[in-house]
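Numbering (our numbering), first residue to last: 102 to 465.
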């Protein structure tokens, strides 16, 4: 008898969702008069056809792994971190400041640059966790607001105190020092050593969640707040901790994208990794290995889209349709499963309201 491990069981749904999304996507491609096989072959060639394409795909995978882990870690505590984008951007700004302001040896400067991103991202996420734990403010509301605060604050910094004097057309910061830059590991692509850091962090988060007391308590709070509290776990502290770690992961993603790719902060830099991370976490079943694979999937679709358009004459917008379909097919079973309960509750509420109206009518 074949025994399927828990991780493989959790991955059955996402894998099936990917297959269904590609299948439905094929019908869309047929509808515009193109060959789906040719289109998907072009997509794969655009993502993995040569060394440059492979490097670019993996470079796009790096921030998606870290922001996906950020969202997944918060989900484990039953917290919906919509603020990964703001935490990512603030981490990138912090890394830029350290990278441009300090003159240090690389052995100190580079780790300090990345650490700055972790700390500032962690504080940004931790503040939302603090509001949730102490005041009961819903994390969706607080993180959305913090996203806007982050974007406007960064706009002020890049166009004001941190603006490079020689910048003319597009306000931007100075280039970070060479000692704060991650090395390129696959020329001629732009792939930096950040991918190695992201994979190591994914392994660490898996260990933290499933092999430590911290991870056990975070997961316990996510599974049942009151049972965890009854068992001696501090739910509010663990919610705060989960959001702080989540923010730190997203902030590290921002620091790596600055140190390994852009090397400076430009006005209007909003790549959207923090929002894509929600889909990455969902498809990856909130599990670090799954998040890594989901990040690679979304990076492959993104990088291969241009190749599909150039080589197969299929609009790259089809890729966004496929991404949306993946999310839909992952979420659909949960929606269908929850629908009967929702209908039953609505009926109970309507019945209670009708009975209340009858009682009031009888008393009158």
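Every residue gets a Cβ at the ideal spot worked out from N, C-alpha and C, and that includes glycine.
One question on the structure: do residue i and residue j come within less than 7 Å of each other, judged by their Cβ atoms?
i           : j           : result
residue 364 : residue 276 : yes
residue 143 : residue 412 : yes
residue 127 : residue 431 : no
residue 69  : residue 234 : Within the shown structure, residues of the chain are numbered from 102 to 465, placing residue 69 beyond reach of any answer.
residue 191 : residue 222 : yes
residue 292 : residue 286 : yes
residue 348 : residue 227 : yes
residue 229 : residue 423 : no
residue 318 : residue 334 : yes
residue 400 : residue 420 : no
Can you give the Cα-Cα distance for residue i and residue j, rounded to whole angstroms?
i           : j           : result
residue 210 : residue 328 : 45 Å
residue 193 : residue 450 : 48 Å
residue 427 : residue 124 : 11 Å
residue 201 : residue 373 : 24 Å
residue 304 : residue 312 : 11 Å
residue 104 : residue 150 : Low per-residue confidence applies at residue 104: pLDDT is 47, beneath 50, and the placement is therefore not dependable, though the value from the model is reported in the following sentence. Roughly 36 Å separates the two Cα atoms.
residue 254 : residue 326 : 35 Å
Among residues of its own chain, excluding the 5 on either side of residue i, which ones have a beta-carbon nearer than 6 Å to its beta-carbon?
i           : result
residue 395 : 381, 384, 385
residue 245 : 183
residue 295 : 163, 283, 357, 361
residue 289 : 153
residue 157 : 290, 404
residue 341 : 230, 231, 234
residue 215 : 356
residue 337 : 234
Just to confirm my understanding: we take residue i, look at its own chain, exclude 5 residues before and 5 after, and list those with CB closer than 7 Å. What are they?
i           : result
residue 387 : 173, 176, 177
residue 208 : none
residue 102 : Confidence at residue 102 is low in this model, with a pLDDT of 41, below 50, so the placement of that residue should be treated as unreliable; the coordinate-derived value is given next. Closer than 7 Å at the Cβ level, and outside the excluded window around residue 102, lies no residue.
Let me make sure I understand the geometry here. Which of the options has the alpha-carbon closest to that of residue i?
i           : options            : result
residue 390 : 135, 158, 140, 166 : 166
residue 168 : 293, 367, 218      : 218
residue 58  : 366, 408, 405      : An answer regarding residue 58 cannot be provided, because it is not within the stretch 102 to 465 covered by the chain.
residue 355 : 448, 133, 150, 196 : 196
residue 375 : 134, 189, 448      : 189
residue 346 : 325, 310, 370      : 310
residue 272 : 260, 420, 215      : 260
residue 180 : 433, 241, 199      : 241
residue 187 : 397, 392, 415, 371 : 371
Excluding sequence positions up to five away, which residues of its chain have a Cβ less than 8 Å from the Cβ of residue i?
i           : result
residue 243 : 184, 228, 229, 232, 233
Check whether the Cβ of residue i sits closer than 6 Å to any heavy atom of the ligand GDP, and report yes or no.
i           : result
residue 454 : This structure lacks the ligand GDP; in fact it carries no ligand of any kind.
Kindly provide the ranges of any alpha helix (DSSP H) runs that are 4 or more residues long and lie completely inside the region 345-397, ordered along the chain. 374-384
In chain order, which alpha helix (DSSP H) runs of at least 4 residues are fully inside the region 202-267? 207-231, 240-260
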